[in-house]
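Asks:
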Amino acid sequence: MKRGRGAGGWIFLALVAATYIVVAAARPELGQRAWGSFVELLQRVAPALLLVWVLMFLVQLLLGRERIERWLGARSGGRGWLLACASGVLAGGPIYPWYALLADLHGKGMRTPLVAVFLYSRALKLPLLPLMAHYFGGRFVAVLSLLIVVFAFVSGGVVMLLERRWTLVRPPAR
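Heads up: the sequence shown is residues 2 to 175, going by this note's numbering.
Quick look at the structure:
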């Protein structure tokens, strides 16, 4: 049975738009500042969203459902866990654009525990490791990095155990 996402997102969008309109009508100067903040945020977010949309296009073009299920699906084994962890570590930028790509991959067969591993392992930021080592020392960075990777797998295992009992995530509507 195919379940949709519902109208919650559209209702929220409509409420936010209505709030902007009411504020702009009641206090134009505050409405202008709010609009300026929105445009500034959009300018900061647009490059990341564009990157993820390009990645989603490439996933659609190059990776079929069979490949995703083989690499990240139920029978991917340890390779899938390692791929999810490595991808999370290498994924840069803000987290919110990655949600769309992960939802797309999940809809094509990526296991929910591997989504958790990806999201947790993003805490390890490779470009920032030298700076962290400068301030805290190499031993601290090595131990912290190891713990982040270990707990990425632990979080995936917990999600796997919970998923056996409950449906944690419903696939996106197609």
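All residues carry an ideal CB built from backbone N, CA and C; glycine is no exception. Values in this document were obtained by computation on a predicted structure and should not be read as measured data.
(1) Using a Cβ-Cβ cutoff of less than 7 angstroms, which residues in the same chain neighbour Leu169 once the five nearest sequence positions on both sides are dropped?
(2) Which residues bound the alpha helix (DSSP H) around Ile96?
(3) Comparing alpha-carbon positions, which option in Ala117, Gly139, Tyr136 and Phe137 lies nearest Val150?
(4) Nearest to Gly81 by CA position, among Leu50, Phe119 and Arg34, is which residue?
(5) Does DSSP classify Arg165 as helix, strand or coil?
(6) Apart from the five residues just before and just after Ser122, which ones in its own chain have a Cβ nearer than 6 angstroms to its Cβ?
(7) For Arg4, which three-state DSSP category applies?
(8) Which residue from Leu59, Gly110, Trp54 and Val24 puts its Cα closest to that of Ala101?
Replies: Taking the geometry as given:
(1) Against the sequence shown, residue 169 aligns to sequence position 168. Within the same chain, Leu169 has close Cβ partners Thr113, Val160 and Leu163.
(2) The residue labelled residue 96 in the question sits at position 95 within the sequence shown. From DSSP, Ile96 is part of no alpha helix (DSSP H); its letter is neither H nor E.
(3) Here residue 150 corresponds to residue number 149 of the sequence shown, with the count starting at 1. If we check each option's Cα against that of Val150, Ala117 comes out closest.
(4) As a working note, residue 81 is residue 80 in the sequence shown. For Gly81, the closest of Leu50, Phe119 and Arg34 by C-alpha to C-alpha distance is Phe119.
(5) For the purposes of this step, residue 165 is taken as residue 164 along the sequence shown, with counting starting at 1. The answer is helix: DSSP assigns Arg165 an H, G or I state.
(6) Along the sequence shown, read from residue 1 onward, the residue named residue 122 stands at position 121. So the list reads Cys86, Gly89, Val90 and Ala153, once near-sequence residues are dropped.
(7) Along the sequence shown, read from residue 1 onward, the residue named residue 4 stands at position 3. Annotation note: pLDDT 47 at Arg4 (below 50); position unreliable, no value reported.
(8) Your numbering for residue 101 matches position 100 in the sequence shown. Minimum Cα-Cα distance from Ala101 among the listed residues Leu59, Gly110, Trp54 and Val24 corresponds to Trp54.
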